[in-house]
Structures are given as C-alpha cells and as structure tokens.
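Engineer: Take this structure, written in structure tokens, and hold onto it; I'll ask about it next.
Number of protein chains: 2
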Amino acid sequence: MRITIKDIAKRTGVSHSTVSRALGGNTLISEATTDCIRKVAQEMGYQPSAAARSLKTNQTKVIGVIVNSIDDPFFSEILFGIEDAAQQAGYSLFIAASQYDLIREQNIVQTMMEQRTDGVIICSSSFSADKGRQLLANGFPVVVVNYKANENFNYSIYHDDVDGSQQLTRHLLALGHKKIAYLGNSKSGRTSLDRLNGFKKEMRKAGVKINPAYIFEVEGSEPELGKDGLHYFMNLPDRPTAIMCFNDMLAIGFLHACQQACIRVPEDLSVTGFDNITLSAYTSPPLSTLDQPKYSIGNEAAQLLLELLGNKIENSNNTHKEKVLKGSLLVRNSTSAPLQNE
Amino acid sequence: MRITIKDIAKRTGVSHSTVSRALGGNTLISEATTDCIRKVAQEMGYQPSAAARSLKTNQTKVIGVIVNSIDDPFFSEILFGIEDAAQQAGYSLFIAASQYDLIREQNIVQTMMEQRTDGVIICSSSFSADKGRQLLANGFPVVVVNYKANENFNYSIYHDDVDGSQQLTRHLLALGHKKIAYLGNSKSGRTSLDRLNGFKKEMRKAGVKINPAYIFEVEGSEPELGKDGLHYFMNLPDRPTAIMCFNDMLAIGFLHACQQACIRVPEDLSVTGFDNITLSAYTSPPLSTLDQPKYSIGNEAAQLLLELLGNKIENSNNTHKEKVLKGSLLVRNSTSAPLQNE
DNA sequence: TGTCTTTCTGCACACGTGTGCAATAATTAT
DNA sequence: ATAATTATTGCACACGTGTGCAGAAAGACA
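Protein chains in written order, with the numbering used here: chain C, 19 to 360; chain E, 19 to 360.
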C-alpha cells in the first residue's frame with residue numbers, strides 16, 4: 019500500500035494534521051518537528067496524492083490545453099511557451115488533440131470537466147464554439163489562442179495575421195510582382211480569411227488589382243494538397259507569378275509539386291509560406307515566410323490564464339482582455355523578382 | 019458551487035448511495051429510479067469528480083506518456099497509436115516532454131507519481147534509467163518504447179532497428195554502392211548503435227569492407243547538424259558514394275546541405291533516412307527511407323500496458339514481455355546507382 | 001503561585017464518491 | 001394469514017488531505 023501522511027504521523031508520533039501542516043510549510047509548527055517530519059517523509063518516500071489534495075482544496079494545479087493535432091509543428095512551439103509559464107507557476111499541462119473530430123472534441127471537454135482542470139487554453143482554431151461555451155458555462159476560465167471567434171470568449175491571444183499577410187504582400191510587391199495569388203485553407207476559418215484580407219488590403223493600398231481567379235482554397239493544410247493548388251494555378255490562362263500559401267506545410271507541398279512539374283522556384287514562380295516552422299528552412303529552395311512568435315504567443319496565453327486563476331473575481335466579471343502579437347517577415351530564397359518578359 | 023451526487027439525491031428524494039449506484043449502472047437499483055436519476059443528472063449538468071472517484075477506487079483512468087520532445091514528428095505518430103488504444107479502453111493520456119533535460123525529467127516523474135497515473139509509457143530513448151526505476155520502485159506499471167535498456171524493464175515494444183538498417187544497406191548494395199557511410203547521433207544511444215550494427219552486419223554479409231572513416235557521429239538529430247556531417251564526409255580523401263543518416267530529420271538537413279554545396283543527390287551521392295516522417299516525402303529529392311510502423315508501435319505499447327492494468331498480478335511477477343516490430347524499406351528518389359567512374 | 005500570553009499540537013469535520021451490510025418494501029410460497 | 005424469499009434502498013464508513021477551533025504546554029508577568 020502507498021504511504022500517506024497518517025503513516026508518517028504514526029512513525030513520528032504526531033497527528034496527521036501536524037504532518038499535513040509541516041509538509042505544507044505552515045509556520046505554526048515548530049521548526050524542530052517540521053524538520054523531523056520532513057526527514058521521515060523523505061525516508062519513507064512519501065508522495066502526496068493529487069486527487070485527495072484537489073478534492074479538499076478545490077484546485078488541481080493542472081491546466082488543460084486543446085490543440086488541433088499534435089503532429090503540427092506549429093502547435094508544438096506554442097506548447098513550449100505555455101509549458102514554461104505553467105511550470106514556473108507550479109502547474110502541469112493536460113494536453114489533448116481534437117484532430118478535427120467532433121466526437122473527440124466532446125470527449126476532451128468531458129475529460130477536462132471531470133478532471134476539474136483549473137483552466138483551459140484552446141489553441142485549436144477549428145475547435146467548435148459550442149464546446150468552448152460548454153466549458154465557460156461550467157465555470158472554467160478559458161483563454162483562446164489564434165481563435166477568431168473572439169466574440170464568444172473574453173480572453174484571447176492571437177497573432178496579427180492581417181498584418182503578417184500584408185508584410186508578405188509588400189515584400190512581393192517590392193520585388194515587382196503584380197500577379198499575386200493566394201492559396202487558402204477552407205478548414206481554417208477566420209485564420210485563412212484574415213490572411214486573405216491582409217493580402218487584399220495591401221494590394222488595394224498599392225493600387226494593384228487582384229484577379230479573382232487568383233484566390234483558391236483547398237480543404238486543409240496537408241502538404242499533399244499543395245499539388246491541387248499548383249494544378250489549379252497552372253491551368254489558368256493567365257498564370258500568376260507569385261503564390262502566397264496559407265501556411266508552411268502547404269507551401270512545402272506546393273514547392274514539392276513545383277519541382278515535380280519542373281517549375282523553377284523562384285525563377286518561374288515565387289512562393290511564400292506562413293508560420294516559420296523548423297523545416298521551412300530546409301526546403302528547396304528555403305522558404306520565404308512569416309515568422310510567427312509562436313513561443314511568445316503560448317507564453318502570453320499561459321500568463322493570462324494564470325492571472326485569471328489568481329483573482330477569480332475577474333473571470334465572472336465581464337472584463338475582456340486580448341493581446342495581439344505581430345510576426346516578422348523572413349526572406350529566404352523562394353521569392354525573387356518576376357521574369358522580365360512576364 | 020459545482021453540483022454533486024448529493025444534490026441529485028436531494029432533488030430526487032433518494033440517498034446519495036442510490037444515485038452513485040444508478041449512475042454507475044448497478045443493476046441492484048430499479049430501472050425506474052435509475053432512469054429518473056439519470057435524467058435529473060443530465061438536466062442538472064452533473065459532472066463526476068475524477069479526483070473523488072480515484073481517491074476511492076484507487077485508479078485514475080489516466081496513463082502517463084513520456085516523450086523526448088513534442089515537436090518531433092516521429093513521436094506524434096506513436097502518440098496517435100497510444101491514444102486510440104487508450105481512448106477505446108476509457109483512459110486519458112497525460113503527456114509530458116522531457117526535452118533532454120534532467121530537471122524536467124524529475125519534475126515529470128514527480129507529477130506522474132502525485133497524479134497517481136495508472137501506468138506509464140516511456141517513449142523517450144534518452145530518458146534516464148534512474149527515473150524509470152523510480153517509477154517501477156513506486157509500483158507503477160511501465161512499458162518502454164524503443165528504449166533499449168531493456169534489462170531494466172520487463173515490458174517493452176520496439177522497432178527492429180538492426181533489421182531496418184540491414185534493409186537499407188541491402189538496398190544500397192544492390193544499387194552497386196560499396197563506399198557506404200553512416201552518419202549517427204551520439205545522443206541517441208542504443209538506437210543509433212543498433213542502426214550502425216545493422217549496417218555493419220549487412221556489409222559483412224556481403225563481404226564489403228567498411229572504411230573506418232565512414233562512420234561519423236553528430237550530437238543530436240536536428241537538421242542543422244546535417245551540414246556538419248556533409249562537411250566531414252566531403253573532406254575525406256576518398257569520398258563515400260552513399261550516406262545512411264541516423265533518421266529523417268538529420269537526412270533532411272543533410273540533403274539541404276548537399277544542395278547548398280552543389281552536390282547532386284542521388285547522382286553524386288545517395289542519401290537515406292530512417293523513420294519515414296511525413297515531410298520526408300516532400301524533400302528534394304524525396305527521401306528513400308525506412309518506414310517504421312509508428313502507429314502500430316504506439317498501439318501495441320498501449321495495449322500491453324492496458325493488459326498489465328487488467329491483471330495486476332503479472333506486474334509484481336517477474337514476467338517479461340517484449341514485442342519487436344519490423345519496418346519496411348521505402349525507396350524514393352534520393353538513392354540510385356553510383357556513377358560509373360567511381 | 002496564579003494568570004495571561006504565546007507557541008504548538010490534536011480533534012473533528014469536510015471534500016465527492018463508492019460499497020458492505022442492514023433494513024425496508026414487495027413478492028412469492030406455504 | 002404467516003413465513004420465506006427477493007428486490008430495492010439507506011446507513012455508515014472509507015479513501016487522503018486540509019483547516020477551524022479548542023486544548024495543552026511553555027514561558028512571561030504580576
């Protein structure tokens with residue numbers, strides 16, 4: 019049987035309450051007994067029961083994190099940022115991946131509620147608003163990350179996708195491109211829309227018209243879908259000279275498709291990504307992209323949540339807090355000036 | 019305040035024991051009252067407290083998973099395999115990343131023990147054996163994945179790296195290569211060693227001698243290190259015609275370095291990876307590699323652990339169980355016959 | 001010496017759930 | 001109608017921890 023504070027109490031000849039206080043660092047207990055108890059606890063290999071503790075204190079010191087998919091390298095960096103902040107404050111992470119699956123989503127919410135997670139960070143842009151509201155309704159503090167249904171949530175951290183997209187567009191315009199196209203991801207909702215809007219905004223600003231045929235969406239951001247995108251754009255009577263991909267994963271697939279089709283990048287076609295995942299530096303050619311401050315985004319989200327946990331009053335209030343972080347343009351070799359004769 | 023079974027009891031006019039039994043599906047309770055209680059529980063939005071439950075039942079229905087790093091795409095597929103098996107059996111996952119950091123490792127073990135995880139799956143090849151033993155000593159069922167200090171653990175699932183490496187070597191030999199080199203990862207311990215041994219074994223079998231200078235190790239498998247590997251091999255007086263990289267990440271960096279150095283793959287140099295991560299299909303050229311059955315590995319590991327949880331007797335026993343899975347060769351375009359004049 | 005602080009510790013209850021046992025109600029057998 | 005059986009429910013305790021309150025011990029002061 020696993021040993022408890024009662025066992026320590028028996029061994030040291032004090033009551034279990036004294037043990038509880040001593041281990042908790044309560045100054046009421048004399049230094050002598052505290053030291054003794056601590057030593058015995060150490061010797062016996064005592065491990066407190068999180069379950070019993072949280073049952074009594076009504077807090078678990080665990081925060082739940084919901085992501086789309088674990089194997090998306092984009093999320094993993096956000097997780098680092100969250101983890102660092104959480105660990106520093108003595109919190110552990112309960113990570114769950116929704117996998118774009120409604121049943122899984124329901125299970126996750128169910129589990130988080132039963133586990134009495136102290137709070138939840140939703141990093142899944144596709145996570146259904148219903149489920150999120152369910153958490154809120156049950157009194158869970160919720161912080162959303164890069165989730166654009168902000169009207170539903172009071173606390174959010176997100177990246178300024180409109181600005182990021184504008185930076186990329188500006189870069190392409192400066193290189194001399196006019197026939198710029200956007201390859202979006204219909205599954206990604208607002209995120210894809212914002213990036214599209216940034217593109218449109220900057221083009222309007224520069225007074226360059228966008229060919230309506232230059233806006234195309236695929237259903238997801240798996241690299242495989244890049245091929246569909248390329249196929250579409252190359253079959254247009256008037257081909258674009260630059261493609262802005264929704265994100266790096268898609269861009270990587272797109273670059274690969276270019277290579278298979280013997281389309282030279284950046285000579286024949288400039289390509290950009292979005293996010294700056296690790297592997298985007300190793301594509302051929304290395305991808306020009308927008309570097310999202312992923313770590314900071316995660317870190318800020320965790321800090322905001324921790325703040326909410328500190329003063330629980332705020333949460334019931336109708337206070338509203340959001341933070342917008344901007345990324346920075348990262349020029350590598352997948353972009354260059356268009357050929358003269360185009 | 020959150021509602022409990024007592025609230026439901028008050029509302030339905032029965033005792034809380036009856037509610038507990040009804041919700042638990044105990045057949046002692048009449049169908050009528052069970053239905054009634056279930057309905058009321060639903061209406062009131064009752065969510066059982068995992069903490070209270072596990073305090074009483076002495077099981078948490080949570081299994082801990084320790085990985086090296088979340089952003090390694092290799093682990094994420096293993097996680098899928100684990101998750102599917104776990105979820106089907108009503109278990110949730112508590113995932114933690116050690117990040118090759120000793121302090122983090124200690125924290126993880128601490129947390130798992132306090133949370134009273136029902137069992138632990140260690141997927142981190144670098145995880146210190148001490149910490150693993152600590153878990154065992156505290157009565158946690160442990161299954162290790164691709165962890166080669168098997169002498170310490172009774173239950174393990176792993177991939178046959180020796181065989182995999184032999185398959186790759188055989189492939190290169192069949193293409194006509196004789197000057198084959200191995201780029202290892204010193205941080206990866208036995209895994210890298212097994213792959214090296216498979217290489218040696220197959221070469222011996224074919225009666226081809228290995229130039230001792232053709233075995234080189236870097237400290238890690240970040241793509242960036244591929245450059246160091248290339249630099250080393252290209253400075254040899256007698257260059258190899260094929261390089262077997264420890265894994266895909268390293269191979270991706272290696273390919274990138276080749277491109278920068280204007281070395282054509284596979285014409286000038288054949289390159290292989292190991293693991294078959296998603297992005298290995300999108301490199302330039304697409305990488306020939308060994309497809310590890312990652313999902314199956316994870317799935318089998320979870321099933322083994324679940325089996326252990328079923329009959330706890332086995333665990334105290336000195337029974338020993340291990341399962342070895344084999345991968346399959348995946349030929350893409352980074353390998354070809356060596357040039358005639360070499 | 002007695003009283004009043006101050007310092008320290010134990011008693012008893014609580015958190016939300018599960019379960020053995022006894023008690024009650026309903027049904028059947030005699 | 002009574003006894004015996006079965007079906008259904010409640011009582012009371014337990015899991016491991018934390019905490020208000022009272023009580024004991026020790027020292028300070030009159």
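In this text, a Cβ means the ideal position worked out from N, Cα and C, and glycines have one as well.
Exposed or buried, Ser-334 (chain E), counting other C-beta atoms within 10 Å across all chains shown (16 or more means buried)?
Structural biologist: Counting from one through the second sequence, the residue named residue 334 (chain E) turns up at place 316. Its pLDDT being 48, under 50, Ser-334 (chain E) is placed unreliably by the model, and nothing is read from it.
Engineer: If we cut at 8 Å on Cβ distances, does Tyr-16 (chain E) have a partner in chain C?
Structural biologist: Examination of residue 16 (chain E) is not possible in this model, given that chain E is present from 19 through 360 alone.
Engineer: Beta-carbon separation of Val-163 (chain E) and Ile-96 (chain E) under 8 Å?
Structural biologist: One-based indexing of the second sequence puts residue 163 (chain E) at position 145. One-based indexing of the second sequence puts residue 96 (chain E) at position 78. Against a cut-off of 8 Å, the Cβ pair of Ile-96 (chain E) and Val-163 (chain E) comes out as a contact.
Engineer: Closest by CA to Gln-60 (chain E), which one among E:Ile-81, E:Ile-88, E:Leu-73, E:Thr-30?
Structural biologist: Within the second sequence, residue 60 (chain E) is the residue found at index 42, counting from 1. Nearest option by C-alpha distance: E:Thr-30.
Engineer: Is it the case that the segment 103 to 111 of chain C contacts the segment 72 to 89 of chain C, given that we only count it when at least three CB pairs across the two stretches are under 8 Å?
Structural biologist: Yes, the segment 72 to 89 of chain C touches the segment 103 to 111 of chain C.
Engineer: Whole-angstrom Cβ separation of Ile-113 (chain E) and Val-83 (chain E), contact assumed at under 8 Å?
Structural biologist: Numbered from 1 along the second sequence, position 95 holds the residue referred to as residue 113 (chain E). Numbered from 1 along the second sequence, position 65 holds the residue referred to as residue 83 (chain E). Right, their Cβ atoms sit about 5 Å apart.
Engineer: Where are the beta strand (DSSP E) runs, 3 residues long or more, that stay fully inside the segment 71 to 147 of chain E, in chain order?
Structural biologist: 80 to 85, 110 to 115, 137 to 140
Engineer: Counting pairs of Cβ atoms below 8 Å between the segment 181 to 191 of chain C and the segment 216 to 236 of chain C, do you hit three or more?
Structural biologist: yes
Engineer: Which residues mark the beginning and the end of the beta strand (DSSP E) in which Ala-40 (chain E) is found?
Structural biologist: Working through the second sequence from its first residue, we reach residue 40 (chain E) at position 22. No beta strand (DSSP E) contains Ala-40 (chain E), which is instead part of the alpha helix (DSSP H) from 34 to 42.
Engineer: Give me the chain C residues within the contact set of Pro-129 (chain E), using Cβ-Cβ distance strictly less than 7 Å, ordered along the chain.
Structural biologist: Here residue 129 (chain E) refers to the residue found at position 111 of the second sequence. For the sequence presented, residue 129 (chain E) should be read as Thr rather than Pro. Within chain C, the residues near Thr-129 (chain E) are Ser-110.
Engineer: May I ask you to report which of helix, strand or coil DSSP gives Ser-298 (chain C)?
Structural biologist: Here residue 298 (chain C) refers to the residue found at position 280 of the first sequence. Here Ser-298 (chain C) sits in helix by DSSP.
Engineer: What's the gap between the Cα of Asn-26 (chain C) and the Cα of Gln-124 (chain E)?
Structural biologist: Stepping through the first sequence from its first residue, residue 26 (chain C) is reached at position 8. Stepping through the second sequence from its first residue, residue 124 (chain E) is reached at position 106. First, the residue type needs correcting, since residue 26 (chain C) is Ile and not Asn in the sequence shown. The straight-line gap from Cα to Cα measures roughly 23 Å.
Engineer: Evaluate Asp-119 (chain E) with the Cβ neighbour count: other Cβ atoms within 10 Å of its Cβ, from every protein chain shown; 16 or more gives buried, anything less gives exposed.
Structural biologist: Within the second sequence, the letter at position 101 stands for residue 119 (chain E). Exposed.
Engineer: When DSSP builds the beta bridges, which residues end up paired with Phe-158 (chain E)?
Structural biologist: Numbered from its first residue, the second sequence carries residue 158 (chain E) at position 140. Note: Phe-158 (chain E) sits in no beta bridge, so no partner.
Engineer: Lys-205 (chain E) and Ser-144 (chain E): beta carbons closer than 8 Å?
Structural biologist: Here residue 205 (chain E) refers to the residue found at position 187 of the second sequence. Here residue 144 (chain E) refers to the residue found at position 126 of the second sequence. Cβ atoms of Lys-205 (chain E) and Ser-144 (chain E): closer than 8 Å.
Engineer: So with Cβ pairs under 8 Å, would you call Arg-188 (chain E) a contact of chain C?
Structural biologist: By one-based count along the second sequence, residue 188 (chain E) stands at place 170. No, Arg-188 (chain E) does not count as interfacial toward chain C.
Engineer: Look at the alpha carbon of Ser-354 (chain E) and the alpha carbon of Leu-190 (chain E), and state the distance between them as a whole number of angstroms.
Structural biologist: Residue mapping note: residue 354 (chain E) aligns to position 336 of the second sequence, counting from 1. Residue mapping note: residue 190 (chain E) aligns to position 172 of the second sequence, counting from 1. Taking the straight line from one Cα to the other gives about 8 Å.
Engineer: Quick one: Cα of Lys-28 (chain C) to Cα of Phe-92 (chain E), how far?
Structural biologist: By one-based count along the first sequence, residue 28 (chain C) stands at place 10. By one-based count along the second sequence, residue 92 (chain E) stands at place 74. Cα to Cα, the separation comes out at about 49 Å.
Engineer: Do we get a CB-CB distance below 8 Å when we pair Asp-309 (chain E) with the residues of chain C?
Structural biologist: Indexing the second sequence from 1 puts residue 309 (chain E) at position 291. Closer than 8 Å: no.
Engineer: With distances taken from CA atoms, which of E:Gly-244, E:Asn-203, E:Glu-242 is nearest Glu-235 (chain E)?
Structural biologist: As a working note, residue 235 (chain E) is residue 217 in the second sequence. For Glu-235 (chain E), the nearest C-alpha among the options comes from E:Asn-203.
Engineer: When the distance is taken between beta carbons, is Asn-265 (chain E) closer than 8 Å to Asp-309 (chain E)?
Structural biologist: Your numbering for residue 309 (chain E) matches position 291 in the second sequence. Your numbering for residue 265 (chain E) matches position 247 in the second sequence. No, the Cβ-Cβ distance between Asp-309 (chain E) and Asn-265 (chain E) is not below 8 Å.
Engineer: Looking at the secondary structure, which residues open and close the beta strand (DSSP E) in which Ser-288 (chain C) lies?
Structural biologist: One-based indexing of the first sequence puts residue 288 (chain C) at position 270. Its beta strand (DSSP E) spans residues 288 to 290.
Engineer: If we count Cβ pairs, one from each stretch, closer than 8 Å, do we get three or more for the segment 137 to 153 of chain C versus the segment 277 to 284 of chain C?
Structural biologist: no
Engineer: Who are the neighbours of Ser-288 (chain E) on chain C, taking C-beta pairs under 8 Å?
Structural biologist: Counting from one through the second sequence, the residue named residue 288 (chain E) turns up at place 270. Here the premise fails: no neighbours, minimum Cβ distance about 17 Å.
Engineer: May I have a chain-ordered list of the alpha helix (DSSP H) segments no shorter than 4 residues that lie completely inside the segment 223 to 253 of chain C?
Structural biologist: Correct list: 243 to 252.
Engineer: Around the Cβ of Glu-285 (chain C), are there at least 16 other Cβ atoms within 10 angstroms (buried) or fewer (exposed)?
Structural biologist: For the purposes of this step, residue 285 (chain C) is taken as residue 267 along the first sequence, with counting starting at 1. Looking at its Cβ environment, which holds fewer than 16 other Cβ atoms inside 10 Å, Glu-285 (chain C) is exposed.
Engineer: Would Asp-90 (chain E) be called buried (16 or more neighbouring beta carbons within 10 Å of its own) or exposed?
Structural biologist: Along the second sequence, read from residue 1 onward, the residue named residue 90 (chain E) stands at position 72. Buried, since its Cβ has 16 or more Cβ neighbours within 10 Å.
Engineer: What does Gln-133 (chain E) touch in chain C if you count any residue whose Cβ is under 7 Å from its own?
Structural biologist: Residue mapping note: residue 133 (chain E) aligns to position 115 of the second sequence, counting from 1. Those are Ala-68, listed as they occur along chain C.
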